[in-house]
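Chains as they are written, first to last, in the numbering used here: chain A, 237 to 386; chain B, 237 to 386; chain C, 237 to 386; chain D, 237 to 386.
All C-beta atoms in this analysis are idealised placements derived from N, C-alpha and C, irrespective of residue type, glycine included.
Note that the structure is a prediction, hence the values are computed from the model and not measured.
Notes for the one structure printed next.
There are 4 protein chains.
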Amino acid sequence: MESPGGLEMVEPVSRGSPVRRSTVDLRIRYAETDQMGKAHHMNYLSWLECGRSELLRANGISYAELERAGVQLRVTSVGIEHRQSAGYDEEVRVWTDLGEVRSCTLTFSHEVRRAVDGGLLARGHAAVVCTDRDGRTRSIPGRIVRSLVG
Amino acid sequence: MESPGGLEMVEPVSRGSPVRRSTVDLRIRYAETDQMGKAHHMNYLSWLECGRSELLRANGISYAELERAGVQLRVTSVGIEHRQSAGYDEEVRVWTDLGEVRSCTLTFSHEVRRAVDGGLLARGHAAVVCTDRDGRTRSIPGRIVRSLVG
Amino acid sequence: MESPGGLEMVEPVSRGSPVRRSTVDLRIRYAETDQMGKAHHMNYLSWLECGRSELLRANGISYAELERAGVQLRVTSVGIEHRQSAGYDEEVRVWTDLGEVRSCTLTFSHEVRRAVDGGLLARGHAAVVCTDRDGRTRSIPGRIVRSLVG
Amino acid sequence: MESPGGLEMVEPVSRGSPVRRSTVDLRIRYAETDQMGKAHHMNYLSWLECGRSELLRANGISYAELERAGVQLRVTSVGIEHRQSAGYDEEVRVWTDLGEVRSCTLTFSHEVRRAVDGGLLARGHAAVVCTDRDGRTRSIPGRIVRSLVG
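This is the structure in structure tokens:
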């Protein structure tokens, strides 16, 4: 499953300096609103996750390929503070900053802002642990670490 | 993966007459509402799916075990007609009727009713096809068929 | 709530020919996958809804503003047939065609296709009824009808 | 909207000692799984919310009626730590403890445990602020406070 060949597949294509901050833009869907008329707080976790995918992508890492090679990044903790709410059809920008890169874990911090004026909607953070397909903790592959820290 | 041994695991425990209709009760969650103040129509598909799980369970079939044995039931079509809406904290009862049992496919019809007075909220139907883990169509295991049709 | 003044707010800005087909592109989120490793069928309903929002927008209609003016479009029926599945991080294009425009109802047909090669994932349809904030059926505002049918 | 009469409607029926801990049992839905084969972490926020609804209900408070009377409890912060994962069809029990009751805010702590053996899946916490329908902070109605703190 996780032969060196498999990991070649996920070798980052980027060779430049690591990207430690990235953004992704999303438009709030009707299905994400709740009866208060704003995006339900649960959906922010999905948006933060999109942000982490983008940060990896910005460093040449496809998380989809990483999983196909048998490497998973599982969320171990996540938290969010809400400052303002946002509603259907509003565009939001998710900022993601890479925090600590350890042998088996990564941390991220996030901001969700209104796209139109940059107003802060929420701040969040997340930690993930690297596991194999069976959920056993393992080291983050060296190439992934190098693409993230240079 | 799918050795006879694997399928023994999922041998239905029920030996009685097949159950062709079942119900499951759910309480509408806040996260399921939308800004119209009612459950968003997307969630009904999740409720119907709970209904199909229960119908299998009523016939001694654990769909979770079925998947662990390498047998999947994939939704190929689903439709729903909404008559009345229902809101946060209301209890709904999902009625599920088994329709056709063919070699590779099953069909189901559904009703979603308010628990308190039986008022009809929606009617739905779904078809599923039996596949292996790679998504290739395969026959529904004989024991499963027998537990459904007697 | 629904004074002429309110409806001025939602007067379509488009003055060109009606747009009867539109597209919107989405990237499948990790949270949208299920344990079969593909996007769960429930999420397609949310994508179709994004498609309908875009078709309205392409005709100068903001559904968000429409609701603020007290006009709702409630889904009365929806159906979908799945041909192929798609997974995390794949980009999909949702095609939306306007069907019938009647005094109180609209119908739509949809296709969901892989962005990369146009492969058909699913076909769907939906009908919506125009209501006021209390869920009572009402006519679709004349300006909205005219922007959709020219 | 929020006349004393309106609040009579939401007067707690309970006259006993406040209940500071409650539980609610849920069965993990297929739609809640992700491609790792376990419940996606986003769904835990919906489960914690169910837990808070139950804690209010255990004290004679219907959150649905509270909102109809114009009183909202908006999530301002939420966090969760995951210890073990759980999969489709597993039953989980959400424990909810009332934390601080202040004039405008409430805090809660949560545990999510496997129903079958009590194994800890996750610990969480949430804070909510009381607002009117327009999102303006307001005091928690006195009757609600008294039903929570005795």
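For residue i, list the residues DSSP reports as bridge partners.
i                 : result
Cys366 of chain C : C:Leu309
Arg350 of chain A : A:Val328
Gly281 of chain A : Per the sequence presented here, residue 281 of chain A reads as Leu, with Gly not at that position. For Leu281 of chain A, which the question treats as bridged, DSSP gives no partner whatsoever.
Val260 of chain B : B:Val330
Glu317 of chain A : A:Arg359 and D:Ser313
Ala275 of chain D : D:Thr269
Ser345 of chain A : A:Asp333 and A:His361
With residue i and residue j assumed to form a contact (beta carbons below 8 Å), what rounded beta-carbon distance in angstroms separates them?
i                 : j                 : result
Arg343 of chain A : Ala363 of chain A : Note that residue 343 of chain A corresponds to Thr in the displayed sequence, not to Arg. Contact flag correct, Cβ pair sits at about 5 Å.
Glu303 of chain B : Thr312 of chain C : At roughly 34 Å, the Cβ-Cβ gap does not stay under 8 Å, so Glu303 of chain B and Thr312 of chain C are not in contact.
Val348 of chain A : Arg310 of chain A : Between Arg310 of chain A and Val348 of chain A the Cβ distance is about 22 Å, and since that is not below 8 Å, they are no contact.
Can residue i and residue j be called in contact, C-beta distance under 8 Å?
i                 : j                 : result
Arg338 of chain A : Ser282 of chain C : no
Ala322 of chain A : Asp261 of chain A : no
Leu284 of chain B : Val328 of chain B : no
Thr269 of chain D : Asp270 of chain C : yes
Gln320 of chain A : Leu291 of chain A : no
His276 of chain C : Val314 of chain B : no
Ser258 of chain B : Thr332 of chain B : yes
Ser383 of chain C : Pro254 of chain C : yes
Between residue i and chain E, is there a C-beta pair that is closer than 8 Å?
i                 : result
Ala267 of chain D : Of the protein chains in this structure, namely A, B, C and D, none is chain E.
If we count the other Cβ atoms within 10 Å of its Cβ and call it buried at 16 or more, is residue i buried or exposed?
i                 : result
Ser289 of chain A : buried
Ser375 of chain B : exposed
Val385 of chain C : exposed
Arg372 of chain C : exposed
Gly287 of chain C : buried
Gly360 of chain D : buried
On a CA-only basis, which of the options is nearest residue i? Give me that one, please.
i                 : options                                   : result
Leu334 of chain C : C:Met272, C:Arg293 and C:Gly371           : C:Arg293
Arg256 of chain B : B:Glu336, B:Asp353 and B:Gly354           : B:Glu336
Ala300 of chain A : C:Arg263, C:Ser298 and C:Leu302           : C:Arg263
Ala267 of chain B : A:Thr259, A:Ser258 and A:Tyr280           : A:Tyr280
Asp370 of chain D : D:Gly378, D:Val307 and D:Gly354           : D:Val307
Arg379 of chain B : B:Thr367, B:Lys274 and B:Asn295           : B:Asn295
Gly252 of chain A : A:Gly273, A:Ile297, A:Met272 and A:Lys274 : A:Ile297
Thr367 of chain D : D:Gly273, D:Ala305 and D:Met272           : D:Ala305
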